[in-house]
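Just so it is clear: in the sequence shown, position 51 is 137 by the numbering used here, and no numbers are missing. Where a beta carbon is used, it is the ideal one built from N, C-alpha and C, also for glycine.
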Amino acid sequence: MDLFYQQFTYRFDTLHMFWEHERVHKKISFFLVCVFLINLLLIELNRQQLLPQSLATFIPTNHFHAIGTAFTIILILEVLSLIFILPCSFSRAVGKQFELLALILLRDAFKELSHLPEPINFTGNEDAILRIMSDGFGSLFIFGLLGAYYIVQKHSAETGEQTGDLYRFVSAKKAVSLFLLGSFVVMGGDNIYRLVSGQGHSDFFHFFYTLLIITDILIVLISQCFLPSFFSIFRNSGYALATMFIRLALVAPAYYNVLMGVAAISFAILLTLISNRLFPGK
């Protein structure tokens, strides 16, 4: 059985080390800049009707689409970081999910902006501008509450009765993270295939959050095998519930999505405060 844990630990640690390498991050940053500039160039060429018709049908004519594309890539990178953080602790992983929510709201604000004409005109676009302000201020509010969430967090390692129990628990979470990584790659590949084949595409971040809820519950059940404590189970289950609130915020209509997001992070902050102040050391 220990060989099972060792294999997953080795594979996860190898991928994690590769992902965290400074050279990799520099290449990704350069790639992101290139994608943004190329996207802007293609949009401008399409606006000037200089692209062949076969390509022009796939290229938008609004420059703000380039911002939305850049934010989508940033979100993909943040999701990968979340997957590698997941084995560390439940609280850190939930914090990363709120970072994703704040970025998604920012991206939605820019996506709404891409529907406006160039140059932007306020008259006749009041509803869209209100949605932009709602998503923008909502992301800012969640960003501020995220700071409060990290402040109330205490650095506490998950402990088992034995060192071996802790090693096996972390190894099991690494196995779950590898499954999550594979699922994310498959979902992203399917989305790209649908886009290229002309079937349209869906926001797979929404579906990924559904998978995150299932994954969080799975980790709660796994933790029961190694950390059979009521307080640990309740706290981790509460964080899983906060993830479900985030999922609801992603599908909620304008204005309600911000309220659901603020409610989700407020719930996580209260859960952390109650756990740390009323049940210290549990």
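Residue i to residue j span [Cα, whole Å]
i, j, result
"Asp194", "Asp221", "7 angstroms"
"Phe317", "Ile169", "25 angstroms"
"Leu161", "Pro339", "21 angstroms"
"Leu101", "Ile129", "36 angstroms"
"Leu123", "Ile278", "21 angstroms"
"Arg321", "Ser167", "23 angstroms"
"Pro173", "Pro205", "47 angstroms"
"Tyr295", "Thr329", "8 angstroms"
"His149", "Leu281", "20 angstroms"
"Arg178", "Lys240", "10 angstroms"
"Ala326", "Ser269", "19 angstroms"
"Ala350", "Leu136", "47 angstroms"
"Val272", "Val344", "29 angstroms"
"Leu267", "Val121", "23 angstroms"
"Ile153", "Leu192", "10 angstroms"
Residue burial classification, residue i (beta-carbon count within 10 angstroms, cutoff 16)
i, result
"Glu198", "buried"
"Asn207", "exposed"
"Phe290", "buried"
"Pro314", "exposed"
"Arg97", "exposed"
"Leu187", "buried"
"Arg333", "buried"
"His151", "buried"
"Asp213", "exposed"
"Phe365", "exposed"
"Lys260", "buried"
"Ser283", "exposed"
"Lys112", "exposed"
"Ser242", "No answer about Ser242 holds up, because its pLDDT of 47 lies below 50 and its placement is not dependable."
"Ile372", "It is not possible to answer for residue 372, since the shown part of the chain is limited to 87 through 368."
Top-ranked residue by Cα proximity to residue i, from the options
i, options, result
"Leu89", "Ser309, Ser257, Arg109", "Ser257"
"Glu164", "Ile190, Ser225, Gly347", "Ile190"
"Thr158", "Lys182, Leu118, Gln134", "Leu118"
"Cys311", "Gln183, Val238, Asp251, Ser269", "Asp251"
Any chain B beta carbon closer than 8 angstroms to residue i
i, result
"Ala326", "Reference to chain B is not applicable here, since this structure consists of a single protein chain."
| request: Could you tell me which uninterrupted alpha helix (DSSP H) segments, each at least 4 residues in length, are contained entirely in the stretch 202-262, listed from first to last along the chain? | output: 212-238
| request: Examine the Cβ distances between the stretch 347-365 and the stretch 219-235 and report whether three or more of them are shorter than 8 angstroms. | output: yes
| request: Could you name each continuous beta strand (DSSP E) segment of 3 residues or more that falls completely within the stretch 145-169, going from the start of the chain to the end? | output: none
| For the stretch 307-339, which segments carrying the alpha helix (DSSP H) assignment without a break, of at least 4 residues, lie completely within its bounds, in sequence order? | Segments of the alpha helix (DSSP H) lying fully in the stretch 307-339: 316-337.
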